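S.K.: In this note's numbering, the protein residues as written are 118 to 1016.
1. Is DSSP giving residue 834 helix, strand or coil here?
2. Assuming residue 393 contacts residue 165 (C-beta within less than 8 Å), just tell me the rounded distance between them.
3. For residue 430, is the classification buried or exposed, using 16 other Cβ atoms within 10 angstroms of its Cβ as the cut-off for buried?
4. Looking at residue 463: is its Cβ nearer than 9 Å to the Cβ of residue 556?
5. Beta strand (DSSP E) containing residue 678: first to last residue?
6. Distance, Cα to Cα, residue 1010 vs residue 860?
7. What span of residues does the beta strand (DSSP E) with residue 1000 cover, start to end?
8. How close, in whole Å, do the beta carbons of residue 217 and residue 183 come, if the pair is a contact with beta carbons under 8 Å?
9. Pop quiz: residue 744 and residue 704 are said to be a contact at Cβ under 8 Å. What is the actual Cβ separation, rounded to whole angstroms?
10. For the stretch 961 to 979 against the stretch 873 to 882, are there 3 or more C-beta pairs whose distance is under 8 Å?
11. Tell me the residue span of the beta strand (DSSP E) that contains residue 885.
12. Contact between the stretch 542 to 551 and the stretch 512 to 532 is defined here as three or more beta-carbon pairs at a separation below 8 Å; is this criterion met?
13. What are the boundary residues of the beta strand (DSSP E) that includes residue 216?
14. To the nearest angstrom, report how far apart residue 998 and residue 968 are at their CA atoms.
15. Looking at the structure shown, is residue 1017 part of a helix, part of a strand, or coil, going by DSSP?
16. Measuring CB to CB, does residue 273 end up less than 9 Å from residue 256?
17. Short of 6 Å in beta carbon distance, which residues of its chain neighbour residue 350, apart from the five on each side in sequence? Order them along the chain.
18. Just checking, does the stretch 168 to 175 make contact with the stretch 440 to 459 on the three C-beta pairs under 8 Å criterion?
19. Are the beta-carbon atoms of residue 1101 and residue 500 separated by less than 9 Å?
20. Just the C-alpha distance for residue 709 and residue 736, rounded to the nearest angstrom, thanks.
21. First and last residue of the beta strand (DSSP E) that includes residue 499?
22. Quick one: using the 10 Å Cβ neighbour count with 16 as the cut-off for buried, is residue 170 buried or exposed?
23. For residue 891, does the count of other Cβ atoms within 10 angstroms reach 16, so buried, or fall short, so exposed?
24. Below 8 Å, how does it come out for the stretch 377 to 392 and the stretch 400 to 412: are there three or more Cβ pairs, yes or no?
25. Under a three-way DSSP split, which group does residue 712 fall into?
26. Would you call the stretch 719 to 733 and the stretch 642 to 658 touching, i.e. three or more CB-CB distances under 8 Å?
27. Pairing CB atoms from the stretch 839 to 850 with CB atoms from the stretch 924 to 942, are three or more of them under 8 Å?
28. Take residue 668 as the anchor and find which of 639, 601, 1015, 655 has the nearest alpha-carbon.
29. Kindly indicate which residue of 618, 609, 655, 633 has the alpha-carbon position closest to the one of residue 593.
30. Is the stretch 712 to 724 touching the stretch 675 to 690 in the sense that three or more CB pairs, one from each, lie closer than 8 Å?
31. In terms of alpha-carbon separation, which member of 777, 897, 845 lies closest to residue 916?
32. Can you list, in chain order, the residues of its chain whose CB lies under 7 Å from that of residue 579, leaving out five sequence neighbours each side?
33. Can you tell which of 981, 980, 982, 993 has the C-alpha that lies nearest to the C-alpha of residue 974?
34. So, residue 925 versus residue 831, is the Cβ gap smaller than 9 Å?
35. So, under 8 Å CB-CB, residue 586 and residue 605 are touching, yes? Tell me the CB distance rounded to an integer number of Å.
36. From residue 1007 to residue 972, what does the alpha carbon distance come to, in whole angstroms?
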């Protein structure tokens, strides 16, 4: 290619020639010091002419990633002279290339047949999303030896002006390099009463023997009529160098003018053996230094590849002996493994002893792709032995020595049959260029052998074709009626990946009907469209297709099949949960009726952990609960579904999984933090209303019973009347208790009794709760204060998995407070008891409790024989210190130890 990759001026007379087809510059990397500053990739046509330069630069956020920056497209006439240039910049907001905002970003050139020189150039401006169709400026060139004159004409409102607005003058050396360019404005002068050419800018160049610019100077022109703020000739400091020697006469007037140097650059180069620039030093003149200053030092690395490629379409049936000509292969290198030609097919045998991560790859000859079309690649494949299946994957590679992979083409294909199956993939290249397709055979199936035949590569649909509509969904009526709702979204890209703003229309078809069911109007990208098909003839399965159209191009179809006329499965019944010895949970339910067809189930734990979304049985074992840190609360959601849709959700009750807590089990909610796990479980209503802590808003506001700053509160006043919410414990092991008992304190309120109450319940093995008490009302007592409650757990004696429940019932009048609860052994020791039947005497938390069926004479003595209590009662509690006591009831005695 033209070696002047870094030129600062363009010779209008240059004739761009092609490069050797087997040795072309693939890309150039530019370095600023040790850091990559840019990469330029080159694309060639079949004649070896550069048709695109693609420039990327390191991303500001991640310098290891190269981001799009600029691309320049070129075109040529029949004599391979460059006659088209279009320069684009990457827009990070729209993620598209837009016309570069400089003069001459897009130009077309016409050459004079006699001289071979450029006779005319047209300049085009960028519109809102593409180049404007009509040119904005026309440049006409005339030549006289090594000089040229350029007249520039504007086109305003579609009409070209007859008088140029600018006249430029060029001087060339014998190699047609620009030595000097003088830009002149051409405008009407009322003083001259005619059009006058006035200099405005001058550029001066020098070159080395390779034709690269070594000096560039830019001057600005000022006429003698310009206003001088210093009131005299020269600068205010009286610079003696500012003399009339620098003045120049205006060509079309008597006024003397002057060229002032604006900036001066010097360029120094180093070259390799191919005359490529390997180092470029840019020096800039500094007036205040009186010398040149180094502005930048850039180095370049060049990479070459081949431009030799076949044109599409390409096909190969591998019948000829030379069918592998132009093919290459890579892989394990193991003897007997890899690709070979045989029996009219390309055959690949998997390696046995090599690294299975290294695939066997067959590379097709280089093929020339353009960005104008989607490329369609197809072949057929089979395995020699169905018991040894294989996998195939197509890849797109650069046309370089190592066939650098650029990406996969289509899916990974499982080859399992001894009969041929069709393999097909599609790709739109990022740029028009020569590419290599690789067919990869994986080495994980030892000894597998695959056959490939009838390779075909051709141009498919235009790359400007919109992609298919997306998120196509069909929802049949869930009541079994013959209708289906179809929803889809408008595509926002074409096959090339470029954004599109809309489609002209979309058409919906049902298989078996030639005419569309529904046609949309023009629709903006990403917008939804929908249609309800209520004309379905009978119960069954139907397939729908929807296409998008843009500028006469039809997309691929978005396809969906749906069963219509069927009902979704009903809610599951018979749900049971059982905790196993290993703390897994077996979940089971009744089988769905056959009328619902193939029913599957969605299973979720605790509202967020999906256990299975495609379960087809009726018994599921959850083995994923981590109980290493103690019990875990779990509940499950089960939802049935079939091809029609999803049925209603069923939620299980909450259960605790893991080793049960040992006794004595104590909970005082000290500091407002529970020692054990407690859960709110709604029975009636919508709000969970049990809280803990002294700061828990409650009525009445009291101190904790044991003074530790914490209790549990049923916030009855914040609920609706009649709401019922359980406060449930984790599992407790009662198996080691002889007489299990629950004690707790409840804050009772004086005044009229209301229906605010709690009921103490218990369950075993995460089963149903059973009431252990009647309603314990919070109000209606003679005095307010903490009152101890005792509840027998004899019904659950010997059980290892017992959960307590305090079921709060709201009458929205009084909150209910509980505190300082204990589950343990009933404190009773009957030593030498002679009590009559029906009389119970036992010790409980520093008290002696007596229960008799009728009023009896009750007396209590300490170990020293002193009488501590005497009275005629049926039930009594007497507070005592720890020790041994004798209790008599109607003359019969027993000994009690209070611990």
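Ideal Cβ placement from N, Cα and C applies to all residues, glycine included. Bear in mind the structure is a predicted one, so any value in this text is a computation, not a measurement.
M.R.: Here's the rundown:
1. One-based indexing of the chain shown puts residue 834 at position 717. DSSP places residue 834 in helix when its eight states are reduced to three.
2. Here residue 393 refers to the residue found at position 276 of the chain shown. Here residue 165 refers to the residue found at position 48 of the chain shown. Taking C-beta atoms under 8 Å as the contact rule, residue 393 and residue 165 fail to qualify, at a distance of about 17 Å.
3. The count along the chain shown starts at 1 and reaches residue 430 at position 313. Residue 430 is exposed by the Cβ-count criterion.
4. Taking the chain shown and counting its residues from 1, the one referred to as residue 463 is at position 346. Taking the chain shown and counting its residues from 1, the one referred to as residue 556 is at position 439. Taking a C-beta distance under 9 Å as the contact criterion, residue 463 and residue 556 qualify as a contact pair.
5. Here the question's residue 678 lines up with position 561 in the chain shown. Per DSSP, residue 678 belongs to the beta strand (DSSP E) from 675 to 681.
6. By one-based count along the chain shown, residue 1010 stands at place 893. By one-based count along the chain shown, residue 860 stands at place 743. Just so you know, the alpha carbons of residue 1010 and residue 860 end up roughly 26 Å apart.
7. The residue given as residue 1000 occupies position 883 in the chain shown. Segment 1000 to 1006, the beta strand (DSSP E) holding residue 1000.
8. Indexing the chain shown from 1 puts residue 217 at position 100. Indexing the chain shown from 1 puts residue 183 at position 66. Going by Cβ atoms, the distance from residue 217 to residue 183 rounds to 19 Å, so no, they are not a contact pair.
9. Here residue 744 corresponds to residue number 627 of the chain shown, with the count starting at 1. Here residue 704 corresponds to residue number 587 of the chain shown, with the count starting at 1. 17 Å between Cβ atoms; not a contact.
10. Because the criterion of three Cβ pairs below 8 Å is not met, the stretch 961 to 979 and the stretch 873 to 882 do not touch.
11. If you number the chain shown from 1, residue 885 lands on position 768. No beta strand (DSSP E) contains residue 885, which DSSP labels as neither H nor E.
12. Taking 8 Å as the limit for Cβ pairs, the verdict is that the stretch 512 to 532 does touch the stretch 542 to 551.
13. In the chain shown, residue 216 corresponds to position 99, counting from 1. Counting along the chain, the beta strand (DSSP E) containing residue 216 begins and ends at 213 to 216.
14. As a working note, residue 998 is residue 881 in the chain shown. As a working note, residue 968 is residue 851 in the chain shown. The C-alpha of residue 998 lies about 20 Å from the C-alpha of residue 968.
15. Limits of the chain in this structure are 118 at one end and 1016 at the other, which puts residue 1017 out of reach.
16. For this step, residue 273 is matched to residue 156 along the chain shown. For this step, residue 256 is matched to residue 139 along the chain shown. In this structure, residue 256 does not lie closer than 9 Å to residue 273 by Cβ.
17. Start at 1 with the first residue of the chain shown, and residue 350 comes out as number 233. Bear in mind that a pLDDT of 48 at residue 350, under 50, signals an unreliable position, so the number given afterwards is only what the model happens to contain. A distance below 6 Å between beta-carbons, with the five flanking residues on each side excluded, links residue 350 to no residue of its chain.
18. The stretch 168 to 175 makes no contact with the stretch 440 to 459, as fewer than three CB pairs between them are under 8 Å.
19. Residue coverage of the chain in this structure runs from 118 to 1016, which leaves residue 1101 outside it and unanswerable.
20. As a position in the chain shown, residue 709 is number 592, starting the count at 1. As a position in the chain shown, residue 736 is number 619, starting the count at 1. Whole-angstrom Cα-Cα distance: 13 Å.
21. For the purposes of this step, residue 499 is taken as residue 382 along the chain shown, with counting starting at 1. Per DSSP, the unbroken beta strand (DSSP E) holding residue 499 starts and ends at 490 to 500.
22. For the purposes of this step, residue 170 is identified with residue 53 of the chain shown, where counting begins at 1. If you draw a 10 Å sphere on the C-beta of residue 170, you find 16 or more other C-beta atoms in it, and that means buried.
23. Walking along the chain shown from the start, residue 891 turns up at place 774. With a threshold of 16 other beta carbon atoms within 10 Å, residue 891 falls short and is exposed.
24. Enough Cβ pairs lie closer than 8 Å, so yes.
25. As a working note, residue 712 is residue 595 in the chain shown. Three-state DSSP puts residue 712 in a helix.
26. Verdict: no, contact absent.
27. Contact between the stretch 839 to 850 and the stretch 924 to 942 is present, because at least three Cβ pairs lie under 8 Å.
28. As a working note, residue 668 is residue 551 in the chain shown. It is 639 whose Cα lies nearest to the Cα of residue 668.
29. On the chain shown, position 476 is the one that residue 593 refers to. For residue 593, the nearest C-alpha among the options comes from 655.
30. Yes, they touch.
31. Here residue 916 refers to the residue found at position 799 of the chain shown. Minimum Cα distance to residue 916 is reached at 777.
32. As a working mapping, residue 579 is identified with position 462 in the chain shown. Answer for residue 579: 489, 490, 670, listed in chain order.
33. As a position in the chain shown, residue 974 is number 857, starting the count at 1. If we check each option's Cα against that of residue 974, 993 comes out closest.
34. Reading the chain shown from its first residue, position 808 is the one you call residue 925. Reading the chain shown from its first residue, position 714 is the one you call residue 831. Taking 9 Å as the Cβ cut-off, residue 925 and residue 831 qualify as a contacting pair.
35. Stepping through the chain shown from its first residue, residue 586 is reached at position 469. Stepping through the chain shown from its first residue, residue 605 is reached at position 488. The beta carbons of residue 586 and residue 605 sit about 4 Å from each other, so the pair counts as a contact at 8 Å.
36. Sequence index remark: in the chain shown, residue 1007 carries index 890 (1-based). Sequence index remark: in the chain shown, residue 972 carries index 855 (1-based). Each residue's alpha carbon lies about 9 Å from the other.
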